[in-house]
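Visitor:
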Amino acid sequence: MHLAALTLRDYRNYRLLELEFPRGIIVLTGENGAGKSNLLEAIHYLSYLKSFRTSRDREIVRFGAPHAVVDARFGDEQGHDFEVRLVLKDNKRFVRYNGDDVQRFQDYIGRLHSQFFFPGDLGIVTGDPALRREVLDLELLRLRPQLTKVMSHFRRSREQRNKLLKLIHPQPGVTRDSRELVQSFEAFTEQMVTSGAQLIRERLGITRVLDGLFRPLHRQLASEEGEQVTLDYISQVALDPPEGIATSYRDCLTAAAQSESSLRYTSVGPHRDDMLFRLDGERDLKRYGSQGQMRSAALAFRLALCELSRQRLKDDPILMLDDALSEMDDGRKTRLMQLAGRYSQVFITSASRREVSQIAAAATTVYHVANGRVTPV
Ligand SMILES: Nc1ncnc2c1ncn2[C@@H]1O[C@H](COP(=O)(O)OP(=O)(O)OP(=O)(O)O)[C@@H](O)[C@H]1O
Ligand SMILES: [Mg+2]
C-alpha cells in the first residue's frame, strides 16, 4: 500500500497542499511547528478515522476556516488504485471511499492500513492496560471485521450483568432475595462467558502470532547483545488449554462471587486482561526497562503489526515514524532504517539536521516543510 497523491485544504496549518509521493522512504524535515506531524496526522486519520492527537475534530480545521478537506489516492500491491475523501465540518466527519459514503467504521477498517509511531507511543508499553487491549482488538477487527459482533455481545452482556449485580446487591455485601433477578443474572453471566471466552481466545491467538513476529524484529533492532523482550497475554482466566477457557472463566466468576457482591461489578474477564512486554523472559519491561529499551520495544511492536498485515492482508501498510529516531543510539537508528526499508512506503519526520543527514542516503526523497509548504530538497 502506498499514498500516491495527497491534497489538504484548510487542514491544520495547511491552506492548500497538493503533493504526489513516491514509494520508499520519505523524509520530512523542518523546524518545530512546521507541520510535519500535521501531515502524518492527516494520513493516519484516513486509516483510523480519528486523530492520534485529539478527539475534537474541530481542532483540525485551520484557524478561521469553515471546514477541512483531505483527498488522497492510494495504490495497493495488486495495482488497484482507490481514493478517499475526508471532510471535517462542524465537528462532524464525512468519509467517502471511491465516491461512496462510508457509514460504519467496521466496513472501512480493513481497506487502508497504516502504522504510526511517535515518541508518546511508549504508552503501548508503559500506559494503561486498556490501551493494549484496544490495540489488540483493533488488529483483530482489521483481520476479521465480523468479530465486532462478539465484542459488542460481550460488552452488552457484561453491562446487563453489572446492572443485575447492583440490583441483587443494593448495598455492598447486602443481598436481596429475588429468584427472578438471580435467574436473569445467571443467563447474562452465561452469555458473557460465551462471548468473553471467545474474545480471550482471539486475543491470546493474536498475541502469540505477534510475539512470533515481534521477537526477531526486536532482536534485529536491539542487536544480538541487547535485551530480549517477549509478549505475553495475561488473564485471571487459565489460558491453557484454549478449549478450557470458558470453563475456567465460569470457575473464576464463581470464585469471585463473594467479592463481586461488594464490588457490584464484573471483576474477571477480557475487560481486565493485559498484554505484557517481558524483559529477558520474566520481568515487566515497563517497571525495569530503560527509556531507549521501552522505545525499541514499542517500535518493534509497531513493526510486528506491519508484518502481521503484510502476511494476512497481503499488503504492506504505510509506516509512519514521527520523530522516532531521537533517543535511540546510532546502532539502533541504522538498524531501524534497515527494517523500515522493507516496506513499500515509509514516512519519517525529523527536526534534526544531523539525524536527516544520517538517514538521507536511504531515502527516496527528502522534503522540507515550512509554513504549510512542502518542497523536495
Ligand atoms: N487548526 C489549526 N490551524 C492552523 N494551525 C494549526 C492548527 N492546529 C495546529 N496548528 C499549527 O501547526 C503547528 C504544529 O505543527 P506540527 O505539530 O505538525 O509541527 P512539527 O513540524 O511536527 O513540529 P515538531 O518538530 O515540533 O514535532 C503549530 O504551529 C500549530 O500552531
Ligand atoms: Mg512533530
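Using our numbering, read the sequence shown as starting at 3 and increasing by one per residue.
Think of the CB as a built atom: it goes at the ideal place given N, C-alpha and C, for glycine as much as any other residue.
(1) Between S39 and ligand 2, is the CB less than 6 Å from at least one heavy atom?
(2) According to DSSP, is Q347 part of a helix, a strand, or is it coil?
(3) Would you tell me roughly how many angstroms separate the C-alpha atoms of R181 and F190, rounded to the nearest one?
(4) Out of curiosity, what's the CA-to-CA distance linking L321 and D109?
(5) Straight-line CA distance for R55 to G35?
(6) Go through its chain and collect everything with a Cβ distance to R60's Cβ below 8 Å, but skip five positions before and after it.
(7) Compute the Euclidean distance between the alpha carbons of Q105 and I208, then round it to the nearest angstrom.
(8) Measure the C-alpha to C-alpha separation of L323 and V348 and round it to an integer number of angstroms.
(9) I want to know whether the region 36 to 49 touches the region 62 to 82 - three or more CB-CB distances under 8 Å.
(10) Assuming F96 is part of the beta strand (DSSP E), what are its boundary residues?
(11) Quick one, are the C-beta atoms of A299 and V137 less than 7 Å apart?
(12) When the Cβ atoms of the region 167 to 176 are set against those of the region 260 to 275, are three or more pairs found closer than 8 Å?
(13) Buried or exposed for Q148, please, with buried defined as at least 16 other CB atoms from any protein chain shown within 10 angstroms of its CB.
(14) Could you check if N100 belongs to the surroundings of ligand 1, using beta carbon to heavy atom distance under 6 Å?
(15) Would you decide whether R178 is buried or exposed? Buried here means 16 or more other CB atoms lie within 10 Å of its CB.
(16) How about N15: is its Cβ closer than 6 Å to a heavy atom in ligand 1?
(17) For P378, which residues in the same chain have their Cβ closer than 6 Å to its Cβ, ignoring the five residues on either side in sequence?
(18) I need the boundaries of the beta strand (DSSP E) containing H69, first residue and last residue.
(19) Just list the residues that DSSP pairs Q117 with in beta bridges.
(20) Quick check: is any heavy atom of ligand 1 less than 6 Å from the C-beta of R11?
(21) Less than 7 Å between the beta carbons of Q293 and E229, yes or no?
(22) Counting C-beta neighbours from all protein chains within 10 Å, is the total for H115 16 or more, i.e. buried, or is it exposed?
(23) May I ask you to check if the CB of G112 is nearer than 6 Å to at least one heavy atom of ligand 1?
(24) Under a Cβ-count criterion, where at least 16 other Cβ atoms within 10 Å of its own Cβ denotes burial, should Q313 be classed as buried or exposed?
(25) Can you round the beta-carbon distance between E20 and T9 to whole angstroms, since I take them to be within the 8 Å contact cut?
(26) Nearest CA to the CA of R157: which residue from V195, C254, S186?
(27) List, from N- to C-terminal side, the alpha helix (DSSP H) runs of 4 residues or more that fit wholly inside the region 273 to 329.
Guide: This is what the structure holds:
(1) Taking the sequence shown and counting its residues from 1, the one referred to as residue 39 is at position 37. Checking the Cβ of S39 against ligand 2 gives yes.
(2) Taking the sequence shown and counting its residues from 1, one reaches residue 347 at position 345. In the structure shown, the three-state DSSP call for Q347 is strand.
(3) On the sequence shown, residue 181 is found 179 positions in, with the first residue counted as 1. On the sequence shown, residue 190 is found 188 positions in, with the first residue counted as 1. Answer to the nearest angstrom: the Cα atoms are 14 Å apart.
(4) Along the sequence shown, one-based indexing puts residue 321 at 319. Along the sequence shown, one-based indexing puts residue 109 at 107. Approximately 22 Å, taken between the alpha carbons.
(5) For the purposes of this step, residue 55 is taken as residue 53 along the sequence shown, with counting starting at 1. For the purposes of this step, residue 35 is taken as residue 33 along the sequence shown, with counting starting at 1. Straight across, the Cα-Cα distance linking R55 with G35 is about 14 Å.
(6) Taking the sequence shown and counting its residues from 1, one reaches residue 60 at position 58. Same-chain partners within the cutoff: L90, D92, N93.
(7) Translated into positions along the sequence shown, residue 105 becomes position 103. Translated into positions along the sequence shown, residue 208 becomes position 206. Using only the alpha carbons, I get a separation of about 27 Å.
(8) Taking the sequence shown and counting its residues from 1, one reaches residue 323 at position 321. Taking the sequence shown and counting its residues from 1, one reaches residue 348 at position 346. In this structure, the straight-line span from the alpha carbon of L323 to that of V348 is close to 8 Å.
(9) Segments in contact, yes.
(10) Here residue 96 corresponds to residue number 94 of the sequence shown, with the count starting at 1. DSSP places F96 in the uninterrupted beta strand (DSSP E) bounded by 94 to 99.
(11) Position 297 of the sequence shown, counted from the first residue, corresponds to residue 299. Position 135 of the sequence shown, counted from the first residue, corresponds to residue 137. Going by beta carbons, A299 and V137 fall outside the 7 Å limit.
(12) With three or more CB-CB distances shorter than 8 Å, the region 167 to 176 counts as touching the region 260 to 275.
(13) Taking the sequence shown and counting its residues from 1, the one referred to as residue 148 is at position 146. Exposed.
(14) Taking the first residue of the sequence shown as position 1, residue 100 is located at position 98. Flag unset: Cβ of N100 not near ligand 1.
(15) By 1-based counting over the sequence shown, the position of residue 178 is 176. Residue burial annotation: R178 is exposed, with fewer than 16 other C-beta atoms found within 10 angstroms of its C-beta.
(16) Taking the first residue of the sequence shown as position 1, residue 15 is located at position 13. Yes.
(17) One-based indexing of the sequence shown puts residue 378 at position 376. Sequence-distant Cβ neighbours of P378 in its own chain, meaning closer than 6 Å and more than five residues away, are T367, Y369.
(18) Looking up residue 69 in the sequence shown gives position 67. DSSP places H69 inside the beta strand (DSSP E), whose first and last residues are 69 to 77.
(19) As a first step, residue 117 must be located in the sequence shown, where it is residue number 115. Note: Q117 sits in a beta bridge opposite L321.
(20) Taking the first residue of the sequence shown as 1, we reach residue 11 at position 9. When distances are taken from the beta-carbon of R11 to the heavy atoms of ligand 1, even the shortest one reaches 6 Å or more.
(21) As a first step, residue 293 must be located in the sequence shown, where it is residue number 291. As a first step, residue 229 must be located in the sequence shown, where it is residue number 227. At the C-beta level, Q293 and E229 stay beyond 7 Å of one another.
(22) Here residue 115 refers to the residue found at position 113 of the sequence shown. Under this definition H115 is a buried residue.
(23) Working through the sequence shown from its first residue, we reach residue 112 at position 110. With a cutoff of 6 Å, G112 does not count as near ligand 1, since its C-beta is closer than that to no heavy atom of the ligand.
(24) Taking the sequence shown and counting its residues from 1, the one referred to as residue 313 is at position 311. Within 10 angstroms of the beta-carbon of Q313 lie fewer than 16 other beta-carbons, which makes it exposed.
(25) Along the sequence shown, one-based indexing puts residue 20 at 18. Along the sequence shown, one-based indexing puts residue 9 at 7. Confirmed, Cβ separation roughly 5 Å.
(26) Along the sequence shown, read from residue 1 onward, the residue named residue 157 stands at position 155. Closest option to R157, Cα to Cα, is V195.
(27) You should have 287 to 290, 293 to 314.
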